[in-house]
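Trainee: Chains as they are written, first to last, in my numbering: chain U, 1 to 161; chain X, 1001 to 1145.
Ideal Cβ positions, reconstructed from N, Cα and C, are used throughout, including at glycine.
Pasting in a structure now, in structure tokens, and then I'll have a few things to ask.
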Amino acid sequence: MDKTVPGRKVMTRKASDNKYLHKDFHVSMNILLKYIYETFGKKEMVNYLIQYTDAYHKPLSDELMSGDLSTLCKYFADIYKKEEWPVKINCEADFLEIVQDACPGITQIKEKGETPCPYYLETYNTVYQRLCESTAFEYELEYFDEETGACKQVFRRKEKN
Amino acid sequence: MISCTEFIPAYSEGFKFIESMGGREELEKFWSELSDSYLKNSLQKLIEEEGLAGCYTYWSHSLNEEAADFTMILDEGQGEFSIEMHKCPSKGMLLQMKHMNPHHAYCDHCPALYKPIVEKQGLTYEHEIDCDNASCSIRIKQPKK
């Protein structure tokens, strides 16, 4: 309970008292990307995103290696729900399509008066291409509007030769 | 997309990456730039406008959005603001992720970000961190007149 007496305020919270949604983390992420890009160049920014994908998305990658796309569908439904962001997700056994009218990251960065890092789209392209590596699936960013982050992403099962 | 809910692991890997490229010195340079650019229009501005109470305003917003487990006290009579972080949401998340190892000095970024901003406003900043248990305490004080 918050207690307010003149000149003294106390606030106590448990983790369960709030939902976890700190949109300004998009701004911090952009600062991190810009730092890597401006200090070390685009290639190293891509290498950083590969390192991140290999570390963070390992459980998802393991699921994709088993040939099952359903975990990836649930993953995207979950993160967009947590972001409270409108999106169209079409998931079938062999493909997954994600269409958005704007990117939550780019939107927040711009709302705060900042400019998205050059090659911001690599947070989509590099991350999900890497995720699909050595799996039965491939990723395509069919279009990406650099201004808004409106895009269409497709994961599809690779054709057998 | 890297969701804002996935930022913490991305941040931790970012620390590892920058350190691998240029050592601790490069990482501290990044933290310094992050402090300047991210906190200038938020924490710094609030302290300029509200004094010590600006700390309460700033962390009321961020700690609630980050779903932290904390007790925060502003005592303007004593000229002191404190946070007891019972469970840091960032380090807590990293400790829960068994498939990832957090950056070895992940918790060092907090004082690196906040201390320079607070001291620039003529306040003192003290901290104690128990990184293995995702807990810490921060005390920010007005100098005695």
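1. Do three or more CB pairs link the segment 14-21 of chain U to the segment 91-105 of chain U at distances below 8 Å?
2. Is Phe-1015(X) closer than 8 Å to His-1099(X) when the C-beta atoms are compared?
3. In three-state terms, what does DSSP make of His-1127(X)?
4. Short of 6 Å in beta carbon distance, which residues of its chain neighbour Lys-34(U), apart from the five on each side in sequence? Order them along the chain.
5. For Gln-1044(X), count neighbouring Cβ atoms within 10 angstroms of its own Cβ and tell me buried if that reaches 16, exposed if not.
6. Starting from Thr-71(U), trace the beta strand (DSSP E) in both directions and tell me its first and last residue.
7. DSSP three-state label for Val-87(U), please.
8. Cα-Cα, which of Lys-1087(X), Ser-1042(X), Ser-1032(X) is closest to Phe-1070(X)?
9. Should Ala-1105(X) be flagged as near chain U, meaning a C-beta pair shorter than 8 Å?
10. Shorter than 8 Å from the beta carbon of Lys-160(U) to some beta carbon of chain X?
11. When the cut-off is 8 Å and only beta carbons count, does Lys-1091(X) lie next to chain U?
12. Do Lys-158(U) and Phe-137(U) have their C-beta atoms within less than 8 Å of each other?
13. Grouping DSSP H, G and I as helix and E and B as strand, with all else coil, what is His-1104(X)?
14. Please go through the segment 1025-1089 of chain X and give each complete beta strand (DSSP E) segment of 3 or more residues, from N-terminal end onward.
15. Taking 8 Å as the CB-CB limit, is Tyr-56(U) close to chain X?
16. With distances taken between CB atoms, is the gap from Gln-1121(X) to Ile-1018(X) smaller than 8 Å?
17. Per DSSP, what kind of secondary structure is Cys-1136(X) in: helix, strand or coil?
18. DSSP beta-bridge partners for Ile-98(U)?
Mentor: Let's see:
1. Fewer than three pairs of CB atoms, one per stretch, sit closer than 8 Å, so the segment 14-21 of chain U makes no contact with the segment 91-105 of chain U.
2. For the purposes of this step, residue 1099(X) is identified with residue 99 of the second sequence, where counting begins at 1. For the purposes of this step, residue 1015(X) is identified with residue 15 of the second sequence, where counting begins at 1. Going by C-beta atoms, His-1099(X) is not nearer than 8 Å to Phe-1015(X).
3. One-based indexing of the second sequence puts residue 1127(X) at position 127. Here DSSP, grouped into helix, strand and coil, assigns His-1127(X) to strand.
4. As a working note, residue 34(U) is residue 34 in the first sequence. So the list reads Cys-117, once near-sequence residues are dropped.
5. On the second sequence, position 44 is the one that residue 1044(X) refers to. So Gln-1044(X) ends up on the buried side.
6. As a position in the first sequence, residue 71(U) is number 71, starting the count at 1. In the DSSP assignment, Thr-71(U) falls outside any beta strand (DSSP E) and within the unbroken alpha helix (DSSP H) covering 70-83.
7. By one-based count along the first sequence, residue 87(U) stands at place 87. Reduced to three states, the DSSP call for Val-87(U) is coil.
8. Against the second sequence, residue 1070(X) aligns to sequence position 70. Residue Lys-1087(X) is the option with its Cα nearest to Phe-1070(X).
9. By one-based count along the second sequence, residue 1105(X) stands at place 105. Interface criterion not met: the Cβ of Ala-1105(X) is under 8 Å from no Cβ in chain U.
10. Your numbering for residue 160(U) matches position 160 in the first sequence. False, the Cβ-Cβ gap to chain X never drops below 8 Å.
11. As a position in the second sequence, residue 1091(X) is number 91, starting the count at 1. Judged by the 8 Å Cβ criterion, Lys-1091(X) is not in contact with chain U.
12. Stepping through the first sequence from its first residue, residue 158(U) is reached at position 158. Stepping through the first sequence from its first residue, residue 137(U) is reached at position 137. Yes. Within cutoff.
13. One-based indexing of the second sequence puts residue 1104(X) at position 104. The answer is coil: DSSP assigns His-1104(X) none of H, G, I, E or B.
14. With a minimum length of 3 residues, the continuous beta strand (DSSP E) runs that stay inside the segment 1025-1089 of chain X are 1069-1075, 1080-1087.
15. Residue numbering aside, residue 56(U) sits at position 56 when the first sequence is read from its first letter. At least one CB atom of chain X sits nearer than 8 Å to the CB of Tyr-56(U).
16. Translated into the one-based positions of the second sequence, residue 1121(X) becomes position 121. Translated into the one-based positions of the second sequence, residue 1018(X) becomes position 18. Going by C-beta atoms, Gln-1121(X) is not nearer than 8 Å to Ile-1018(X).
17. Reading the second sequence from its first residue, position 136 is the one you call residue 1136(X). DSSP places Cys-1136(X) in strand when its eight states are reduced to three.
18. Along the first sequence, one-based indexing puts residue 98(U) at 98. Ile-89(U), Gln-153(U).
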